[in-house]
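Undergrad: Let me give you the structure first, and then I'll get to my questions.
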Amino acid sequence: MLAPKRNAVQQLFFLIGMYGHYLKVYVKTLVEYRADTIIAVAAGIVAQGSTLVFLSVIFQRIPQLADWGFYEMVFIFGLAATAKALNQTIFNAPFTLTGFIRRGQMDVMMVRPVGALFQTIGHSQELNGVGQLITGMVILVYAGARVDMAWTVWTVLYTVIALFSSALIQFAVLLTISVLTFWVHEIRSLIYPVNWLFDFTRYPLDIFHPVLRGLLTYVVPYALGSFFPAAYLLRPGLYSWAAWGVPATAAVVVLLAYGLWAVGLKRYASVAG
C-alpha cells in the first residue's frame, strides 16, 4: 500500500496528529500503571528537592554565587530541570535506538509510510520524566515569581521556546551519539556520560573552569538550552543574543543530527540478513 501524497503543510499536520496518537498511548500507560506513575512523581520531587536543599545550605553561608542570587539560581535550575524532563518525556529516542536495532524493530519501522526516526521518537516516551517535569515546572514558576523580572507575553512565549529548544538540543546531541550504533556495536557507555554533562548547566556557567564552559557552549551546546536562556530572561541586557541564538542553535544541531541519522540509516543492515 502506497502512502498518500501530501504537501509539506499536510505532512506536518499529519505528523502532529500521528504524534498525538502516541501521546494518547503514553497517557493511557500512565493511568494504567498508576503505582509506577505515583512513584515516578515522588522520585522527581525527591530528586529536585534535594538540589533545592543543597542550594539553600550554600546560600545560608554565601549570599551570592558568582554574582547570582538565590532565587536566580533556583530559576536557572528550574528551567534546566524542566527542559531535561521535557526531553526525557517526549524525546527519549536516543536511549532506545540500540534496542530497536537489536530486536529487529527497525526492520518493521523502515517499511511503514512514516519515517523510522519519527516512529522511534513516538515509541520512546519515558515514564520517569513525568515526575521531574511536574516538579521542574513548579520550581520554575516558584522562582519566576520571586525574581526581579517583568513577565510579559514575550517572556512567557520565550520560556516555552527555550524549553523546547533545550529539549531539542539535548535530543540532537544524544541522537548524534546513539546513531553511531549503526557503525559501533555498543555505544551506551558513551551516551550516558554525555547526557550527565547537562547537569552542569543547572548552575551558572561563571562558577566553572573556562574549559568546561567552552565544552558546554561550543562542543556539546547544552548551555545554549539551559543557562543562557535563563540568563536572558533574568538579565536581558547582558544576554540579548540568546533571544535568537537559542532557537537557532536548536535548529542547526537538529539538522546536523538528522543528516548523520540519514547516513547511518543507509548503512543499516537488517537483522534478518
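Plus 191 on top of the position in the sequence shown (first one is 1) and you've got this note's numbering. Even glycine gets a Cβ: it sits at the ideal position worked out from N, Cα and C. Owing to the predicted nature of the structure, the values given are computational and were not obtained by experimental measurement.
#1: Beta carbon of Val232, beta carbon of Gly322: below 8 Å?
#2: Based on the DSSP secondary-structure assignment, which residues constitute the bridge partners of Trp259?
#3: With a cut-off of 8 Å on the beta carbons, I'd call Leu308 and Ala276 a contact; round off their distance for me.
#4: Can you give, in chain order, each stretch of the beta strand (DSSP E) that sits fully within the region 424-463 and has at least 3 residues?
#5: Ser417 and Thr392 look like a contact to me (Cβ under 8 Å); what is the Cβ gap, rounded to whole Å?
#6: Where does Asn283 fall in DSSP's three states?
#7: Give the secondary structure of Trp387 by DSSP, where H, G and I count as helix, E and B as strand, and everything else as coil.
#8: Please report how far the alpha carbon of Gly240 lies from the alpha carbon of Tyr459, in whole angstroms.
#9: Find the nearest neighbour of Leu331 within the set Thr350, Trp345, Gly313 and Ser315, judged by alpha-carbon distance.
#10: With DSSP as the reference, label Glu317 as helix, strand or coil.
#11: For Pro401, which three-state DSSP category applies?
#12: List the whole-angstrom C-beta distance separating Leu246 from Phe261, where the pair is believed to meet the contact cut-off of C-beta under 8 Å.
TA: Based on what the coordinates show:
#1: Residue mapping note: residue 232 aligns to position 41 of the sequence shown, counting from 1. Residue mapping note: residue 322 aligns to position 131 of the sequence shown, counting from 1. Against a cut-off of 8 Å, the Cβ pair of Gly322 and Val232 comes out as a contact.
#2: Along the sequence shown, read from residue 1 onward, the residue named residue 259 stands at position 68. Trp259 pairs with Leu256.
#3: Locating residue 308 in the sequence shown gives position 117, counting from the first residue. Locating residue 276 in the sequence shown gives position 85, counting from the first residue. With 8 Å as the limit, Leu308 and Ala276 do not qualify as a contact, their Cβ atoms being about 22 Å apart.
#4: none
#5: Taking the first residue of the sequence shown as position 1, residue 417 is located at position 226. Taking the first residue of the sequence shown as position 1, residue 392 is located at position 201. Ser417 to Thr392, Cβ: 4 Å. Contact.
#6: Position 92 of the sequence shown, counted from the first residue, corresponds to residue 283. Coil at Asn283, not helix or strand.
#7: As a first step, residue 387 is located in the sequence shown; it is residue number 196 there, counting from the start. Helix, per DSSP.
#8: As a working note, residue 240 is residue 49 in the sequence shown. As a working note, residue 459 is residue 268 in the sequence shown. Those two C-alpha atoms are separated by around 43 Å.
#9: The sequence position of residue 331 within the sequence shown is 140, counting from 1. Taking only the C-alpha atoms, the option nearest Leu331 is Thr350.
#10: Taking the sequence shown and counting its residues from 1, the one referred to as residue 317 is at position 126. Here Glu317 sits in coil by DSSP.
#11: Locating residue 401 in the sequence shown gives position 210, counting from the first residue. Here Pro401 sits in helix by DSSP.
#12: On the sequence shown, position 55 is the one that residue 246 refers to. On the sequence shown, position 70 is the one that residue 261 refers to. Leu246 to Phe261, Cβ: 7 Å. Contact.
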